[in-house]
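Reviewing the structure listed below.
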Amino acid sequence: MAATPSNMMPLGTKAPDFNLHDTVSGEKKSLQQLRYDQATVIMFICNHCPFVKHVQTGLVKLANDYIPKGISFIAISSNDVENYPDDSPEQMKAVAQQLGYPFPYLYDESQAIARAYGAACTPDFYIFDKDLRCVYRGQMDDSRPSNDIPVTGKDIRAALNAILAGQPVDENQKPSIGCNIKWKK
64 MAATPSNMMP LGTKAPDFNL HDTVSGEKKS LQQLRYDQAT VIMFICNHCP FVKHVQTGLV
124 KLANDYIPKG ISFIAISSND VENYPDDSPE QMKAVAQQLG YPFPYLYDES QAIARAYGAA
184 CTPDFYIFDK DLRCVYRGQM DDSRPSNDIP VTGKDIRAAL NAILAGQPVD ENQKPSIGCN
244 IKWKK
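Under the numbering used here, think of the first position of the sequence shown as 64, with each following residue one higher.
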């Protein structure tokens, strides 16, 4: 399992728009439909990556804690499903239902959205403010499959708490680490 860091989108970047297939509802969903008033968290994840598997239940807890506070969560998988069939839309739906994802799990078949965001790894996290400007990009927390640090989401929680308090988000942000996005050949 090769560890790939985030590319770290420049802070202040406007969130690239999208209209992607939601594997759970079967409907197309756009950023404009899914964004919330306070902030929007966009996560590039997949099913097979050990880094994502390590944080899946923590993602559900994080989203369940903040969705009622006006924070939207959106998961996107951009992996090449031909070479990684565990990441197919059918498997995405099964994982989302099994784990009770409280957020849409979108399939980026063309990989254009991952490229637009500069996503490099899974998981890769971005937080956008009410104006859809990037205020955070990086890790969920310091936990990794190879260490004994518990999954708490502390880095993302700190950013979301700052937004909810009307405070600036700390610009000292650590890149996420995960499996590289499986790009099509």
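Note that the Cβ used here is the ideal one computed from N, Cα and C, for glycine as well.
In the structure shown, Gly-201 falls within a strand segment according to DSSP collapsed to helix, strand and coil. Taking the Cβ atoms as the reference, His-84 lies roughly 7 Å from Leu-169, within the contact range of under 8 Å.
For Met-155, the enclosing alpha helix (DSSP H) stretches over residues 152 to 162. According to the DSSP assignment, Gly-241 belongs to the beta strand (DSSP E) that extends over 240 to 243. Rounded to whole angstroms, the separation of the alpha carbons of Asp-143 and Asp-218 is 29 Å.
When beta bridges are read from the DSSP output, Cys-184 appears opposite Asn-243. Met-72 is positioned such that its CB atom lies closer than 8 Å to that of Cys-197. The continuous beta strand (DSSP E) containing Ala-102 extends over residues 102 to 107. Listed in chain order, the non-local C-beta contacts of Asn-243 below 7 Å within the same chain comprise Ala-65, Thr-67, Ala-183 and Cys-184, local neighbours out to five positions each way being set aside.
Annotated three-state conformation of Ala-138 is strand, per DSSP. Closest option to Ile-190, judged by alpha-carbon separation, among Asp-80, Gln-95, Thr-103 and Tyr-99: Thr-103.
In the three-state DSSP reduction, Arg-98 falls in the coil class, being neither helix nor strand. Each of Lys-77, Trp-246 and Ala-228 was checked against the Cα of Ala-175, and the nearest Cα belongs to Trp-246. With a beta-carbon spacing of about 4 Å, Pro-79 and Ala-179 fall inside the 8 Å limit used to define contacts. Nearest to Ser-140 by C-alpha distance, out of Arg-200, Ile-212, Val-232 and Phe-81, is Phe-81. When secondary structure is reduced to three states using DSSP, Arg-178 falls in the helix class. Per DSSP, Asn-127 is one residue of the alpha helix (DSSP H) stretching across 113 to 129.
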